[in-house]
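J.:
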Amino acid sequence: MTKRTTLIGLAAGGSAALLLGAWGFQYLGGLAPCQMCVWQRYPHGAAFVIGLIALMLPSARLLPLAGAISALTSAGIGLFHAGVEQGWWEGPTSCTSGSIGGLSAEELMNQIMSAPLVRCDDIPWQMLGLSLAGWNAVVSLGLALIWIAAWRSKT
Numbered sequence: 000m001t002k003r004t005t006l007i008g009l010a011a012g013g014s015a016a017l018l019l020g021a022w023g024f025q026y027l028g029g030l031a032p033c034q035m036c037v038w039q040r041y042p043h044g045a046a047f048v049i050g051l052i053a054l055m056l057p058s059a060r061l062l063p064l065a066g067a068i069s070a071l072t073s074a075g076i077g078l079f080h081a082g083v084e085q086g087w088w089e090g091p092t093s094c095t096s097g098s099i100g101g102l103s104a105e106e107l108m109n110q111i112m113s114a115p116l117v118r119c120d121d122i123p124w125q126m127l128g129l130s131l132a133g134w135n136a137v138v139s140l141g142l143a144l145i146w147i148a149a150w151r152s153k154t
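Residue numbers (numbering that gives the first Met the number 0): 0 to 154.
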């Protein structure tokens with residue numbers, strides 16, 4: 000097994016592990032995901048598939064770069080989501096508490112009835128001061144570096 004193959008397997012496996020962890024929190028731990036949590040999963044699914052293809056087609060030199068872009072995409076969404084949770088910036092109005100100023104009673108009732116069950120600006124779990132979104136950002140950045148190392152690897 001070459002260094003490049005090992006790095007691709009590690010990066011793709013890392014994305015698979017993050018997906019399994021997210022599903023574990025959801026289905027075993029009862030922690031329902033918000034909209035932005037789900038958004039962070041798609042790039043990891045793509046990175047895993049890219050990794051499988053890259054392992055089957057070792058001559059396809061740009062696939063690790065595509066894996067890095069996928070991991071960086073998830074990291075970016077995770078960073079944005081962590082900032083929404085911390086109140087550093089506003090998130091999508093479709094999954095945050097939003098503003099109720101200036102709404103009529105009917106508009107307020109419509110907003111309440113259409114509110115998501117899980118809000119993106121709540122932190123349902125954290126460890127060492129980082130939420131799940133924050134951890135996803137950190138780990139995804141690490142995976143992106145592994146993908147880049149695989150892309151740069153000659154062996």
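We put the CB at the ideal spot given by N, CA and C, even for glycine.
Predicted model, so just to flag it, every value in this text is computed and none were measured.
1) Starting from the Cα of G141, find the closest Cα among S152, G66 and G86 and give me that residue.
2) Please classify M35 as buried or exposed, where buried requires at least 16 neighbouring CB atoms within 10 angstroms.
3) Report yes or no: do three or more beta-carbon pairs, one from the segment 68 to 83 and one from the segment 23 to 31, lie closer than 8 Å?
4) Whose C-alpha, out of L71, L62 and I49, is nearest the C-alpha of L144?
5) Counting along the chain, where does the alpha helix (DSSP H) carrying I150 start and finish?
6) Please report the residue range of the alpha helix (DSSP H) in which P42 lies.
7) Do R60 and A149 count as a contact pair if the criterion is CB distance below 7 Å?
8) By Cβ distance, which residues of its chain are closer than 6 Å to L64, with the 5 residues on each side in sequence left out?
9) Is it right to say A10 is buried, meaning 16 or more other beta carbons lie within 10 angstroms of its own, or is it exposed?
10) Once DSSP output is grouped into helix, strand and coil, what is the label at M126?
11) Starting from Q85, trace the alpha helix (DSSP H) in both directions and tell me its first and last residue.
12) Buried or exposed for L131, please, with buried defined as at least 16 other CB atoms from any protein chain shown within 10 angstroms of its CB.
13) In this structure, how does DSSP classify G29 when only helix, strand and coil are distinguished?
14) Do you know how far the Cα of C119 is from the Cα of S93?
15) Could you tell me which of Q85, G13 and M55 sits nearest to S69, measuring between CA atoms?
16) Would you call the CB atoms of L18 and H43 closer than 7 Å?
T.: Answer, in terms of the structure:
1) G66
2) So M35 ends up on the buried side.
3) no
4) L71
5) For the sequence presented, residue 150 should be read as Trp rather than Ile. L131 to R151 is the extent of the alpha helix (DSSP H) around W150.
6) From DSSP, the alpha helix (DSSP H) with P42 extends over Q34 to M55.
7) no
8) Cβ within range, chain order: W150.
9) With 16 or more other CB atoms across the displayed protein chains lying within 10 angstroms of its CB, A10 is buried.
10) strand
11) L62 to Q85
12) buried
13) Residue state, collapsed to three classes: coil.
14) 9 Å
15) G13
16) yes
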